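J.: Okay, here's the structure, questions in a sec.
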Amino acid sequence: GAAKKACLSKMDDFQEKVITKSYAMLRKSLDPGEVAAHLVSEGIITMENISSIDSQRLREKKNELIIQYVRSCSKSDTFQRFLTAIRNADPNLAYIAQELEKKYEDVKMAPVQETQSKPPKEVPAKLVDHPSLLVKPTSLHLHHYISKKMTLPQNLQSFSLYLGLEQHDIDAVISDNPGNIRQQAMDAIKIWHQGRGKPRTWKTVLDGLEFADMRDYAAELRNDIVRDNLIK
Numbered sequence: 035g036a037a038k039k040a041c042l043s044k045m046d047d048f049q050e051k052v053i054t055k056s057y058a059m060l061r062k063s064l065d066p067g068e069v070a071a072h073l074v075s076e077g078i079i080t081m082e083n084i085s086s087i088d089s090q091r092l093r094e095k096k097n098e099l100i101i102q103y104v105r106s107c108s109k110s111d112t113f114q115r116f117l118t119a120i121r122n123a124d125p126n127l128a129y130i131a132q133e134l135e136k137k138y139e140d141v142k143m144a145p146v147q148e149t150q151s152k153p154p155k156e157v158p159a160k161l162v163d164h165p166s167l168l169v170k171p172t173s174l175h176l177h178h179y180i181s182k183k184m185t186l187p188q189n190l191q192s193f194s195l196y197l198g199l200e201q202h203d204i205d206a207v208i209s210d211n212p213g214n215i216r217q218q219a220m221d222a223i224k225i226w227h228q229g230r231g232k233p234r235t236w237k238t239v240l241d242g243l244e245f246a247d248m249r250d251y252a253a254e255l256r257n258d259i260v261r262d263n264l265i266k
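Counting along the sequence shown from 1, when you hit position 124 you're at 158 in the numbering used here, and nothing is skipped either side.
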């Protein structure tokens, strides 16, 4: 929330894709204290955000929160300001900014059909949306589409409510993982898997993603379910 107050318009789809592709590297490699300080100078995050980052004990958790704030900022030049902050934070990590720039150019040069932001062709709904098609708690597909794609608080709130969770359960997972929307989402899934809420089927997940205004991801997941033979 606080990060958005300082920002005006959003990263483009190519830049968002680069951040997604580079998430593991950024989470592990950034110097959170230095990068956060320079992001304040760049107008991307606020001192209130700094306090939230400092409250995290682990370096990776600090960096997860930094990435979340960068992604939720809507400045038109957020991506370039992020690169500038990385370079200024530690010259030894300038290679990270260079790699992000290279990935950005590669993504922009990719064939148009791969980069258009339209949902993939959907498979017949009768296959995926069968009410008996259960989701296993260990499903890597579920973990990928929920933990990697869930980035906005409003998406988490809508998705969790659709699963049938009580508001006090949602409030609990948020307070247990302040600022970490992906972990909040995974904890909400765990509660759902314990039998609280709607039936634990792929149909519930897909309908929940659409309800949370994540229709493109729901379409991608629907295709993956069929492609990887989750339907027997």
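Ideal Cβ placement from N, Cα and C applies to all residues, glycine included. From a predicted model like this one, the values you see are computed outputs, not experimental measurements.
Out of Asn-214, Ala-219, Asn-257 and Val-239, which has the shortest C-alpha to C-alpha gap to Lys-95?
T.: That would be Asn-214, whose Cα lies nearest to the Cα of Lys-95.
J.: Can you tell me the Cα-Cα spacing of Ile-180 and Pro-233, whole angstroms?
T.: If I take the Cα positions, the gap works out to 17 Å.
J.: Just tell me which of Arg-93, Ala-246, Gln-228 and Arg-216 has its CA closest to the CA of Phe-193.
T.: Ranking the options by Cα distance to Phe-193, first place goes to Ala-246.
J.: Check whether the Cβ atoms of Pro-55 and Lys-137 lie closer than 8 Å to each other.
T.: One detail in the question is off: residue 55 reads as Lys in this sequence, not Pro. Cβ distance < 8 Å, so Lys-55 and Lys-137 count as in contact.
J.: Determine the DSSP secondary structure at Thr-235, reduced to helix, strand or coil.
T.: In this structure, Thr-235 counts as strand in the three-state DSSP scheme.
J.: Answer yes or no: do Gln-49 and Thr-185 have a C-beta to C-beta separation smaller than 8 Å?
T.: Not a contact, by the Cβ cut-off of 8 Å.
J.: Measure the CB-CB distance between Ile-204 and Gln-191 and report whether it falls below 8 Å.
T.: Cβ distance < 8 Å, so Ile-204 and Gln-191 count as in contact.
J.: Which residue's Cα is closest to the Cα of Val-239: Arg-230, Gln-228, Ile-223 and Gly-229?
T.: When only C-alpha atoms are compared, the closest one is Ile-223.
J.: For a quick check, are the C-beta atoms of Leu-255 and Gly-231 less than 8 Å apart?
T.: Not closer than 8 Å, so no.
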